[in-house]
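Presented below is the structure to which this report refers.
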Amino acid sequence: MTSSSLLQLASPPSPLPLAYDVRPTSLRGGNDFWAFFQQQQDKLEETTRHSFSDQSEASACSELREDPEGREANADPRVDEDGREANAGGVRNSDGGVTVVKTSSSTVSPQGFLQQQLSLPERRSLGPPVQGSYLSKREDDKGKKPLFSFGVITDVQYADINDGHSFLGIPRFYRHSLEVVKQAVEDWNQSARPMSFAVHFGDIVDGFCPRDRSVEAVNTVLDALAGFTAGPTYHMIGNHCLYNLPRLTLNKMLAIPTAADNRSYYDFSPYPNFRLVVLDSYDVSLLGWPEDHPHAVRAREVLERENPNDEKNSPEGLEGLNRRFVKFNGGVGDEQLRWLEGVLAECDALGETVVLCCHQPIEPTALPTATCLVWNYDKVLATIHRHECVAAVIAGHAHFGAYALDAKGIHHRILEGAVECPPGTVAFGHIDVYQDRLCIIGKDRMLCTEMRFPPRSGHSTL
74 MTSSSLLQLA SPPSPLPLAY DVRPTSLRGG NDFWAFFQQQ QDKLEETTRH
124 SFSDQSEASA CSELREDPEG REANADPRVD EDGREANAGG VRNSDGGVTV
174 VKTSSSTVSP QGFLQQQLSL PERRSLGPPV QGSYLSKRED DKGKKPLFSF
224 GVITDVQYAD INDGHSFLGI PRFYRHSLEV VKQAVEDWNQ SARPMSFAVH
274 FGDIVDGFCP RDRSVEAVNT VLDALAGFTA GPTYHMIGNH CLYNLPRLTL
324 NKMLAIPTAA DNRSYYDFSP YPNFRLVVLD SYDVSLLGWP EDHPHAVRAR
374 EVLERENPND EKNSPEGLEG LNRRFVKFNG GVGDEQLRWL EGVLAECDAL
424 GETVVLCCHQ PIEPTALPTA TCLVWNYDKV LATIHRHECV AAVIAGHAHF
474 GAYALDAKGI HHRILEGAVE CPPGTVAFGH IDVYQDRLCI IGKDRMLCTE
524 MRFPPRSGHS TL
């Protein structure tokens, strides 16, 4: 059986709005996650498949983590964003439930169902289940080629240190993540359909990389990516990047196109009538800016107002969407929002189709918890919803794969992170861009997804 034979299509958003909030209301509560977590773990130890149809979400998993030597790092600013619950990464059923498949593996930990949530014996797609399969669709499109293709990878978080794990026991394979990058480059170079470029969605280095080796670690990953010869690799800034190096240094090292303007958001057009727009979700942040920088001052005000904890990385006591107000997240500044408004207005006028790229997710319904969400996600969504050109938003940061279709028919896809790949596994892929859709062709732990463009008035897509 081929890897694509079980893939499903994401339904086109017609009529709108679809049931984009696919989780039952009870999944948004704030009950006792730990009891729920242990209950589901006990069940999954004895079964190969379990369906969560109406479970209590409880609060988010703690963002606390341990360093590679096992020391709890709850006071360390380099906090990871586990933001997931026991059913994260599964395939949502039509009734709002989530199916999780547990597979046998020698790497299973006490939290094995989380660590190998994507290590499945047969490939699946991530998105709304509909009639048909991706394989049959490919056969229907026989003779058609994508307009262009580009590679995708996220959350490499490389460091030349021993493997570690999050507070919940989710492993982090810091050295192996470099091997994932090398395999991605090899795959992109050898693809039957040439890649036009590649995108890394942030966190090129891990926060536990020794500070005096941060530049070396970043350059090691960049050297591996330099093996991709078909085109440039575009980057965005993530929180782990900013734990290690100042923003301006990162802008130069990562060849951010707008580095000369001292900003980290930009856009480019890789193909006629198509635009990639890259946001900086740490524009307003305590990370990467001097303490007296206006964006750092504003971030401090936000956290002091919204998060009463002494440790601002902790969401303890925060409920619902307010759990996003933690230090390892950030916001999109007013100037960037005005820039985004102008870019999208231009794309509307030109009839261009836009894919928005951001390290942090901006759609709450794509996440089991708000602890990975952009602080002012609502303003970003309001901006893109005023325009017809945005077809999809692709993000990283959460490490697990997720998908949602928002109220305006825009696809939101969170990519699987490379740092959580055990040796022998990978998470990367490429995106084929067609006249009417995007197709994420994932490798191993990165699930495949097909996203049809929403209908537009006045202009045809692409």
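The sequence shown begins at 74 in the working numbering and counts up by one.
Beta carbons: idealized from backbone N, C-alpha and C, even for Gly.
Next on the checklist: Tell me which residues share the same chain as Cys420 and place their Cβ nearer than 6 Å to its Cβ, disregarding the 5 neighbours each side in the sequence.
Outcome noted: Hits under 6 Å: Arg348, Val427, Cys462.
So, helix, strand or coil for Cys282, using DSSP? Residue state, collapsed to three classes: coil.
Worksheet entry | In DSSP terms, what Val447 is bridged to | Partner(s): none; Val447 has no beta bridge.
Next on the checklist: Checking 8 Å against the spacing of the C-beta atoms, do Val278 and Asn312 come in under that value?
Outcome noted: Cβ distance not < 8 Å, so Val278 and Asn312 don't count as in contact.
When the distance is taken between beta carbons, is Gly415 closer than 8 Å to His368?
-> Cβ distance not < 8 Å, so His368 and Gly415 don't count as in contact.
* Asked: Does the segment 223-240 come close enough to the segment 489-499 to have 3 or more Cβ pairs within less than 8 Å?
  -> Output reads yes: the segment 489-499 touches the segment 223-240.
Any idea what DSSP makes of Thr559, helix, strand or coil? Examination of residue 559 is not possible in this model, given that the chain is present from 74 through 535 alone.
- Message: Given this structure, state the Cα-to-Cα distance separating Leu251 from Ala297, to the nearest angstrom.
- Response: CA-to-CA, the gap between Leu251 and Ala297 works out to about 8 Å.
| said: Along the chain, where does the beta strand (DSSP E) containing Val272 start, and where does it finish? | reply: It spans 270-273 - the beta strand (DSSP E) in which Val272 sits, taken as one unbroken run.
Inter-residue Cα distance where the pair is Val272 and Cys282 | Their Cα atoms are separated by approximately 22 Å.
(request) Report all residues from its chain with a CB closer than 8 Å to the CB of Leu394; omit the five preceding and five following residues, and keep chain order. (result) Around Leu394, the same chain offers Pro437, Ala443, Leu446 as residues with beta carbons nearer than 8 Å, after the five sequence neighbours per side are excluded.
### Query
Taking just the CA atoms, how far does Asn235 sit from Thr456?
Each residue's Cα considered, the two are about 43 Å apart.
Does DSSP put Ile457 in a helix, a strand or coil? Ile457 falls in the helix class under three-state DSSP.
Considering only residues of the same chain and omitting the five flanking positions on each side of Leu423, which have a CB-CB separation below 8 Å?
Closer than 8 Å at Cβ, skipping near neighbours: Asn346.
Can you grab the Cα-Cα spacing for the pair Arg529 / Val254, in whole Å?
Looking at the two C-alpha atoms, the distance is approximately 37 Å.
Please name the residue or residues paired with Ile435 in a DSSP beta bridge. According to DSSP, residue pairing for Ile435 in a beta bridge does not occur.
Could you check what DSSP says for Tyr344 in three-state terms: helix, strand or coil?
Tyr344: strand per DSSP, three-state reduction.
### Query
Is the segment 301-312 close to the segment 373-380, with three or more CB pairs under 8 Å?
No, they do not touch.
Original post:
What residues match up with Ile243 in a beta bridge as DSSP calls it?
Top reply: Its beta-bridge partners do not exist; DSSP assigns none.
Out of curiosity, what's the CA-to-CA distance linking Thr227 and Phe341?
Rounded to whole angstroms, the separation of the alpha carbons of Phe341 and Thr227 is 19 Å.
Which residues share a DSSP beta bridge with Arg486? Paired residue(s): Ile467, Tyr476.
The beta strand (DSSP E) that contains Val254, what's its start and end? Boundaries around Val254 are those of the alpha helix (DSSP H), 249-263, since no beta strand (DSSP E) includes it.
Original post:
Looking at the structure shown, is Glu136 part of a helix, part of a strand, or coil, going by DSSP?
Top reply: Only weak support exists for where Glu136 lies, its pLDDT of 32 falling under 50; the value from the coordinates is given anyway. In the three-state DSSP reduction, Glu136 falls in the coil class, being neither helix nor strand.
Cys494 by DSSP, collapsed to three states: which one?
When DSSP states are grouped into helix, strand and coil, Cys494 belongs to the coil group.
Nearest residue (CA-CA) to Tyr247, options Leu220, Asp285, Val291, Lys218: Of the listed residues, the one whose Cα sits closest to Tyr247 is Val291.
Segments assigned alpha helix (DSSP H), at least 4 residues, entirely inside the segment 312-389: Counting whole runs of 4 or more residues, the segment 312-389 contains the alpha helix (DSSP H) stretches 312-317, 320-326, 367-379.
Quiz item: Under a three-way DSSP split, which group does Arg196 fall into?
Solution: Here Arg196 scores only 36 on pLDDT, less than 50, and its place in the model should not be relied on; the value that follows carries that caveat. Residue state, collapsed to three classes: coil.
**Request:** Would you mind working out which of Gly275, Gly497, Asp505 sits nearest Asp517, comparing C-alpha positions?
**Result:** Comparing Cα positions, the closest option is Gly497.
Comparing C-alpha positions only, which one of Ser264, Phe473, Arg486 sits nearest to Phe221?
Closest by C-alpha distance to Phe221, out of Ser264, Phe473, Arg486, is Ser264.
Selected residue, minimal CA-CA separation from Arg486, among Ala475, Gly237, Pro495, Leu352 | Ranking Ala475, Gly237, Pro495, Leu352 by Cα distance to Arg486 puts Ala475 first.
- Between the C-alpha atoms of Leu413 and Gln256, what's the straight-line distance to the nearest angstrom? Taking the straight line joining both Cα atoms gives about 34 Å.
_Candidates Phe526, Cys521, Val506, Met519: closest to Met268 by CA position_ = Comparing Cα positions, the closest option is Val506.
Task: Residue from Phe501, Phe526, Leu410 with nearest C-alpha to Leu511 - done: Distances from the alpha-carbon of Leu511 to those of Phe501, Phe526, Leu410 put Phe526 closest.
For this session: Compare the Cα-Cα distances from Lys218 to each of Arg266, Gly242, Arg245, Pro244 and report the closest residue.
Result: The shortest Cα separation from Lys218 among Arg266, Gly242, Arg245, Pro244 belongs to Arg266.
- Task: Spatial neighbours of Phe270 within its chain, please: CB distance less than 8 Å, with the 5 preceding and 5 following residues excluded, ordered by chain position.
- Result: Taken in chain order, the residues that qualify are Phe223, Gly224, Ala303, Gly304, Pro305, Thr306, Tyr307, Pro343.
ask   = Count the other CB atoms within 10 Å of the CB of His458; is the residue buried (16 or more) or exposed (fewer)?
value = Burial call: exposed.
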